[in-house]
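Quick mapping for you: the protein sequence lines, in order, are chains A and B.
The working numbering puts the last residue of the first sequence at 338; the count rises by one with no breaks.
The working numbering puts the last residue of the second sequence at 338; the count rises by one with no breaks.
Heads up, the beta-carbon is just placed ideally off N, CA and C, and yes, glycines get one too.
Quick caveat, the model's predicted, so the values are computed rather than measured.
Here is the structure we will look at, set down as C-alpha cells.
Protein chains: 2
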Amino acid sequence: MDVLFELSEFFKFFGDTTRIRIIHLLLSGEVSVNDIAEKLNLEQSVVSHQLRILRTANLVKPRRDGRKMFYSLDDEHIGLIFNTGLTHILHKKGK
Amino acid sequence: MDVLFELSEFFKFFGDTTRIRIIHLLLSGEVSVNDIAEKLNLEQSVVSHQLRILRTANLVKPRRDGRKMFYSLDDEHIGLIFNTGLTHILHKKGK
DNA sequence: TGAAAATATGAATAATTGTTCATATATTGA
DNA sequence: TCAATATATGAACAATTATTCATATTTTCA
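Here's what the structure looks like:
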C-alpha cells in the first residue's frame with residue numbers, strides 16, 4: 244500500500260475534535276471509558292466508537308481491570324505529534 | 244476559540260491523500276500549480292481547490308512569477324509534522 | 001489590444017464519516 | 001446463577017468534504 248495514503252489516514256485520526264480531546268485527556272495517563280465520557284461530557288457510545296477507531300489505528304491501547312477498561316496512548320509518537328501540532332498553531336496565533 | 248478544536252482542524256489538513264501528496268511534493272521546494280497537477284497526475288482544478296485550503300490554513304504560501312504561481316511549505320513545522328507521522332507509521336510497520 | 005496560458009472559483013454530486021439510539025456482550029458480586 | 005455495571009456494536013441519519021465540470025480571472029506576449 245502507498246505509504247502516503249497510509250500517512251494521510253493516520254493524520255485523519257487526529258483530525259476530529261472528539262478524538263483530539265480524548266488524546267489530550269490520555270496525555271496525563273490512562274483513563275477508563277466512563278471517566279473519559281464524564282470528563283469530556285460525551286455519551287458513552289460516542290467514546291466507545293471513537294476509542295475503537297483509535298485502538299484499531301494503534302493510537303491507544305486498552306487494559307482491562309475487572310469490568311472497567313482503561314485506555315492509554317500507544318506510544319510516545321502520539322504525544323509528540325500532538326505537541327508539534329499544538330506548538331505550530333500557538334506559534335501562528337502569536338503572530 | 245478552543246485550542247483543541249483548532250488543533251483537530253489543523254490535523255484535518257494532513258488527513259487527505261491529495262493534500263498529503265502535495266505537501267510531500269513541496270518538501271523538496273516550491274512547485275507551480277501546473278507542475279503539481281502534472282507530477283501527481285491530478286486535474287488542475289483539484290490542485291487549485293486543495294491549494295486554497297492549504298493556503299488559507301497557512302500550510303503553504305504562494306509566490307507569483309509572471310503568470311505562474313509557485314507554492315511552497317509555509318514553515319518548518321509542516322515538514323516536521325509530516326516526518327514525525329511518517330516515522331511513526333514506518334515504525335509500526337516494522338514490527 | 002486580443003489571444004493564449006495559468007490559475008482560481010462556484011455549484012452540484014458523490015462519498016466519507018461522526019453521532020444517535022437501541023441493544024448486545026462481558027464481568028463482578030450477592 | 002442473576003442482577004447490576006461497564007463497555008462495545010450495529011444501523012440509520014445528518015453533516016462534512018473531495019471531486020467534477022464549467023467558467024471566470026489574471027498575466028504575458030505577439
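query: Pull up the CB-CB distance for Gly328 (chain B) and Phe313 (chain A), whole angstroms please, since I reckon it's below 8 Å.; result: Going by Cβ atoms, the distance from Gly328 (chain B) to Phe313 (chain A) rounds to 26 Å, so no, they are not a contact pair.
query: Tell me, to the nearest whole angstrom, how far the beta carbon of Ile332 (chain A) is from that of Glu249 (chain B); I am working on the premise that it is less than 8 Å.; result: 5 Å
query: For Val274 (chain B) and Asn277 (chain A), I'd like the C-alpha separation in whole angstroms.; result: 49 Å
query: Any beta carbon of chain B sitting closer than 8 Å to that of Glu281 (chain A)?; result: no
query: Note down the Cα distance separating Leu269 (chain B) from Arg310 (chain A), rounded to an integer number of angstroms.; result: 49 Å
query: Select from the region 257–268 of chain A all residues with a C-beta closer than 8 Å to any C-beta belonging to chain B, and list them in chain order.; result: Phe257, Gly258, Asp259, Thr260, Arg262, Ile263, Arg264 and His267
query: In chain B, which residues lie less than 7 Å from Glu286 (chain A) when you measure between Cβ atoms?; result: Within 7 Å Cβ-Cβ: nothing; Glu286 (chain A) doesn't reach chain B, min ~18 Å.
query: Would you be able to state if there are at least three C-beta pairs under 8 Å between the region 292–301 of chain B and the region 281–291 of chain A?; result: no
query: Can you check whether the C-beta of His292 (chain B) is within less than 8 Å of a C-beta belonging to chain A?; result: no
query: What does Ser315 (chain B) touch in chain A if you count any residue whose Cβ is under 7 Å from its own?; result: Ordered by position in chain A, no residue passes the 7 Å Cβ test against Ser315 (chain B), which lies about 16 Å from the chain.
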